[in-house]
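2 protein chains.
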Amino acid sequence: MAGPSQLTGADDPAPAGSSAAGRRRATILDVAAAAGVSRQTVTRAMNDMSGISAETKRRVMEAARELSYRPSRFGRGLVTGGARQLGLVVNDLRNPYSPELAAAVVRLAADEGWNVMLVDIGLASDADRLLASLREQADVVVGYLGEWSAGWGSGLATTPLIQLDAGETTEHAGVRLDPVAAIGDLVAHLVAMGVRCPVVLDASAPREPSARGAAMAAAFREHGVEAEVVHAASSSAEHASAVTAQVVRRAAPPDALLAFNDLMALGALSACRHAGLDVPRDIRVAGVDGLTIGTLVAPTLTTLAVDFDEVARHTLELAVALRDGDADVDRFRVVPHRLVLRESA
Amino acid sequence: MAGPSQLTGADDPAPAGSSAAGRRRATILDVAAAAGVSRQTVTRAMNDMSGISAETKRRVMEAARELSYRPSRFGRGLVTGGARQLGLVVNDLRNPYSPELAAAVVRLAADEGWNVMLVDIGLASDADRLLASLREQADVVVGYLGEWSAGWGSGLATTPLIQLDAGETTEHAGVRLDPVAAIGDLVAHLVAMGVRCPVVLDASAPREPSARGAAMAAAFREHGVEAEVVHAASSSAEHASAVTAQVVRRAAPPDALLAFNDLMALGALSACRHAGLDVPRDIRVAGVDGLTIGTLVAPTLTTLAVDFDEVARHTLELAVALRDGDADVDRFRVVPHRLVLRESA
DNA sequence: CTGAAAGCGCTTACAG
DNA sequence: CTGAAAGCGCTTACAG
Chain A
1 MAGPSQLTGA
11 DDPAPAGSSA
21 AGRRRATILD
31 VAAAAGVSRQ
41 TVTRAMNDMS
51 GISAETKRRV
61 MEAARELSYR
71 PSRFGRGLVT
81 GGARQLGLVV
91 NDLRNPYSPE
101 LAAAVVRLAA
111 DEGWNVMLVD
121 IGLASDADRL
131 LASLREQADV
141 VVGYLGEWSA
151 GWGSGLATTP
161 LIQLDAGETT
171 EHAGVRLDPV
181 AAIGDLVAHL
191 VAMGVRCPVV
201 LDASAPREPS
211 ARGAAMAAAF
221 REHGVEAEVV
231 HAASSSAEHA
241 SAVTAQVVRR
251 AAPPDALLAF
261 NDLMALGALS
271 ACRHAGLDVP
281 RDIRVAGVDG
291 LTIGTLVAPT
301 LTTLAVDFDE
311 VARHTLELAV
321 ALRDGDADVD
331 RFRVVPHRLV
341 LRESA
Chain B
1 MAGPSQLTGA
11 DDPAPAGSSA
21 AGRRRATILD
31 VAAAAGVSRQ
41 TVTRAMNDMS
51 GISAETKRRV
61 MEAARELSYR
71 PSRFGRGLVT
81 GGARQLGLVV
91 NDLRNPYSPE
101 LAAAVVRLAA
111 DEGWNVMLVD
121 IGLASDADRL
131 LASLREQADV
141 VVGYLGEWSA
151 GWGSGLATTP
161 LIQLDAGETT
171 EHAGVRLDPV
181 AAIGDLVAHL
191 VAMGVRCPVV
201 LDASAPREPS
211 ARGAAMAAAF
221 REHGVEAEVV
231 HAASSSAEHA
241 SAVTAQVVRR
251 AAPPDALLAF
261 NDLMALGALS
271 ACRHAGLDVP
281 RDIRVAGVDG
291 LTIGTLVAPT
301 LTTLAVDFDE
311 VARHTLELAV
321 ALRDGDADVD
331 RFRVVPHRLV
341 LRESA
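In the order they appear, the protein sequences are chains A and B.
Numbering follows full-length UniProt numbering, in which position 232 of the first sequence is assigned residue number 232; successive positions increment by one, without gaps.
Numbering follows full-length UniProt numbering, in which position 79 of the second sequence is assigned residue number 79; successive positions increment by one, without gaps.
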């Protein structure tokens with residue numbers, strides 16, 4: 001069904017079956033015909049422009065409502081240019097890190113007149129299709145691409161990418177987080193408080209420590225303290241909790257636990273509580289990210305905080321520059337973590 | 001560089017300065033000209049279609065890269081129809097409720113082939129503009145519109161709306177959460193555990209209780225127990241904590257605290273801890289929402305959980321129906337809360 | 001106040 | 001394997 005559109009005139013193919021589901025979507029020409037006016041008169045009415053009589057406008061709006069007319073964003077965008085669109089890729093919205101980042105980006109983007117399309121690549125069943133759709137719709141894509149960033153450039157149409165997990169050697173623009181200085185501050189504090197047997201609670205599968213875990217161990221080494229690195233099966237609170245439970249049950253338990261991120265630190269805190277340990281008296285615990293949730297637990301969580309607003313600021317700045325093809329901008333930004341001492345360490 | 005596109009001819013207004021920033025974006029015709037082919041050959045190359053020689057394709061891609069060509073989503077969308085676009089409006093991404101909802105919606109939307117545009121109306125500096133932009137870009141808008149839902153229909157172009165905070169009398173489609181049965185379960189449990197002096201910790205300014213707070217008080221009344229309703233200045237953990245601190249300091253402190261939501265319950269828990277109270281021995285605490293974070297605190301939080309996947313399912317079903325103009329679908333859905341007993345009550 | 005024409009950038013048949 | 005034509009749905013000048 002949905003007969004061909006005659007366009008310039010003649011017999012409009014009558015909205016087929018009145019069963020709404022099978023009906024071709026009404027266009028500006030349908031409304032014009034129904035109201036007995038020209039298409040630009042419809043445009044005037046729909047866009048609240050001047051130069052149209054109240055009566056005509058009423059008739060047009062009436063016809064539009066009758067036909068459930070909605071202007072096509074493509075038709076309009078083609079001529080107006082349309083709003084800027086930012087694609088934001090996060091890892092897993094259920095890790096509070098993602099929404100705290102997203103909140104900052106979404107807010108600043110709105111202020112700058114960009115819309116934000118959100119993709120959760122961690123929860124996706126078909127990440128490839130999702131990313132393909134995103135790059136087709138967005139002017140610029142920003143976020144945690146992980147392994148997917150590799151094939152980005154090879155694609156057919158090249159949407160600019162801003163990597164948030166960028167290493168030093170990325171080919172794309174990027175905003176990198178640098179915890180090293182803050183780790184130094186934290187470790188100095190811990191050592192000053194008497195910590196001598198720290199454990200680094202690192203994330204995920206790869207047997208070798210993450211860059212972050214390695215930096216933690218290295219910082220202790222500079223103080224003549226050897227840190228043991230243990231790995232959780234994932235960076236979730238649950239897995240962190242499980243590993244912590246094992247570690248604190250040892251004959252010689254650690255006196256500090258540095259987690260890869262706040263979520264893992266919360267899992268560690270929970271395990272310590274269940275083991276009957278007092279934090280920070282028996283063992284000190286700290287995380288990384290600076291999540292708000294860390295202020296709601298007991299004891300409140302010491303952490304290395306990310307300045308999400310700063311990340312968002314760099315992101316939008318880069319997005320604007322990349323969209324405009326501005327080559328003069330510094331494509332690599334670094335935002336340092338900052339030590340936030342609370343009760344747990 | 002980037003010569004003007006001759007198109008139908010004559011003097012194209014020359015791309016201004018060669019400073020990239022001022023350059024008009026390249027079109028398919030520019031690429032075609034640069035590669036010495038027709039536009040449909042460019043289409044073939046860009047879209048990885050058959051019927052093009054390897055050498056030609058190479059030349060086209062080369063030219064495209066040279067000109068930083070990116071196909072216009074509007075031009076393409078106009079002819080292909082484009083992907084479905086869902087606008088998701090949340091209240092405040094920093095309340096963990098939002099991301100848990102968003103995670104469910106985003107995941108299901110992706111599975112169904114919809115893109116999601118995210119707007120945080122709570123953090124917005126200019127909600128009206130934001131919503132206007134959203135309704136222009138999205139096929140359907142879903143979320144917590146609050147007061148903004150009022151003027152929705154009066155707008156010029158009417159994008160279908162699915163209200164998530166819909167009362168009974170909404171003119172739009174909606175998915176409503178119904179806590180009443182679960183509140184009954186919770187209160188029965190509390191009374192059975194000996195609770196006689198409960199306090200309902202309600203949200204926000206209006207002096208009269210929220211529907212939810214009223215339902216809590218009513219449920220107690222059915223058991224012959226009178227509940228006092230107190231109001232926090234906002235539904236944040238901080239304000240809930242402040243009010244709780246006052247309440248528990250009384251001569252006759254309550255033996256149970258029912259919070260408007262989990263975030264407030266967490267604030268209450270925190271205040272109880274600081275007051276030296278043991279939860280649940282001295283006082284029982286419960287919230288509403290079923291947030292994951294409730295499993296990470298000590299004691300773990302008893303709550304009335306929302307089935308976010310169920311909400312997402314109804315949402316996508318409605319979105320599809322509204323976009324297709326399908327009138328035969330039930331436009332009002334109800335998802336009940338479910339009591340989840342954990343340690344705090 | 002209203003309308004006829006041109007054009008935005010792309011893809012889809014259809015010819016060669 | 002390649003190209004000329006038509007058309008997607010809208011807005012922006014320009015005439016009347």
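No residue lacks a Cβ here, since even glycine has one placed at the ideal position from N, Cα and C.
Cross-chain neighbours of residue i in chain B, by beta carbon under 7 Å
i	result
SER53(A)	Correct list: empty, because the minimum Cβ distance to chain B is about 17 Å.
SER270(A)	LEU296, ALA298
Within-9 Å CB hit, residue i to chain B
i	result
GLU147(A)	no
ASN261(A)	no
residue 346(A)	Because chain A spans 1 through 345 in this model, residue 346(A) falls outside it and cannot be assessed.
ARG25(A)	yes
ASP255(A)	no
ASP126(A)	yes
Chain-order list of residues whose beta-carbon lies under 6 Å from that of residue i (same chain, five-residue window excluded)
i	result
PHE332(B)	GLY174
ALA245(A)	ALA271
MET216(B)	ILE183, VAL200, LEU258
VAL334(A)	ARG176, ASP178
GLY122(B)	ASN91, ASP92
GLU208(A)	none
ALA166(A)	GLY174, ARG176
Per-residue contacts from residue i into chain A (C-beta, under 8 Å)
i	result
VAL106(B)	LEU93, LEU118, VAL119, ASP120, LEU123
PRO99(B)	LEU93, ARG94, PRO96, SER98, PRO99, ALA102
LEU266(B)	LEU296
Within chain B, the residues that residue i reaches when beta carbons sit closer than 9 Å
i	result
ALA83(A)	SER133, GLU136, GLN137
THR158(A)	ALA64, ARG65, SER68, TYR69, ARG70
CB contact below 9 Å: residue i versus chain A
i	result
residue 365(B)	Chain B is shown from 1 up to 345; residue 365(B) falls before or after that span and cannot be answered.
ASP111(B)	yes
LEU190(B)	no
LEU316(B)	no
LEU88(B)	yes
ALA21(B)	Bear in mind that the predicted position of ALA21(B) carries a pLDDT of just 43, short of 50, making it unreliable; the figure below should be weighed with that in mind. With 9 Å as the cut-off, ALA21(B) counts as an interface residue toward chain A.
PRO15(B)	Only weak support is given to the placement of PRO15(B): the predicted model assigns it a pLDDT of 38, under 50, and the value that follows is read from those uncertain coordinates. With 9 Å as the cut-off, PRO15(B) does not count as an interface residue toward chain A.
Nearest-angstrom beta carbon gap, residue j and residue i [assumed within contact, 8 Å]
i	j	result
VAL288(B)	THR302(B)	VAL288(B) to THR302(B), Cβ: 10 Å. No contact.
ALA319(B)	VAL142(B)	6 Å
LEU93(B)	ALA103(A)	4 Å
ALA240(A)	GLY267(A)	3 Å
GLU100(A)	PHE260(A)	Not a contact, Cβ separation roughly 17 Å.
THR315(B)	VAL105(B)	6 Å
ARG323(A)	PRO198(A)	Actually they are not in contact, since the Cβ atoms of ARG323(A) and PRO198(A) sit about 45 Å apart, beyond 8 Å.
MET264(A)	ASN115(B)	Wrong, their Cβ atoms sit about 32 Å apart, outside the cutoff.
SER68(A)	ALA32(A)	So it is not a contact: roughly 15 Å between Cβ atoms.
Contacts of residue i in chain A (Cβ-Cβ under 9 Å)
i	result
ARG73(B)	PHE74, GLY77, GLY82, GLN85, GLU136, GLN137, ALA138, ASP139
Residues that residue i contacts on chain B, provided the C-beta gap is smaller than 8 Å
i	result
GLU293(A)	Note on residue identity: the sequence assigns Ile, not Glu, to residue 293(A). In chain order: PRO96, ILE293, LEU296.
LEU130(A)	ALA110
Neighbour list for residue i in chain A, Cβ cutoff strictly below 7 Å
i	result
SER68(B)	GLY325
ARG273(B)	ALA298
Cutoff 8 Å; reference residue i; Cβ partners in own chain excluding five residues on either side
i	result
ASP262(A)	PRO96, TYR97, GLY287, VAL288, ASP289, GLY290, LEU291, ILE293, GLY294, LEU301, THR303
GLY113(B)	ALA83, ARG84
ARG283(A)	Here the sequence assigns Ile to residue 283(A), which means Arg is not the residue at that position. Excluding positions up to five away in sequence, the list reads VAL248, PRO253, PRO254, ASP255, ALA256, LEU257, CYS272, LEU277.
GLY146(A)	ASN91, ILE121, ASP165
Residues near residue i by beta carbon distance below 7 Å, same chain, minus five either side
i	result
ARG196(A)	VAL225, ASP255
ALA21(A)	For ALA21(A), the pLDDT reaches just 43, beneath the cut-off of 50, and the residue's location in the model is therefore unreliable, although a value from the coordinates is still provided. Nothing meets the Cβ criterion.
Taking only runs that begin and end inside the region 99-183 of chain B, name each unbroken alpha helix (DSSP H) of 4 or more residues, in chain order. Counting whole runs of 4 or more residues, the region 99-183 of chain B contains the alpha helix (DSSP H) stretches 127-137.
Please give me, in chain order, every unbroken run of the alpha helix (DSSP H) with length at least 4 that falls completely inside the region 245-311 of chain A. Fully enclosed alpha helix (DSSP H) runs of 4 or longer: 262-274.
Any chance you could list the beta strand (DSSP E) runs of at least 3 consecutive residues sitting entirely within the region 19-97 of chain B, in chain order? List check, beta strand (DSSP E) in window: 84-90.
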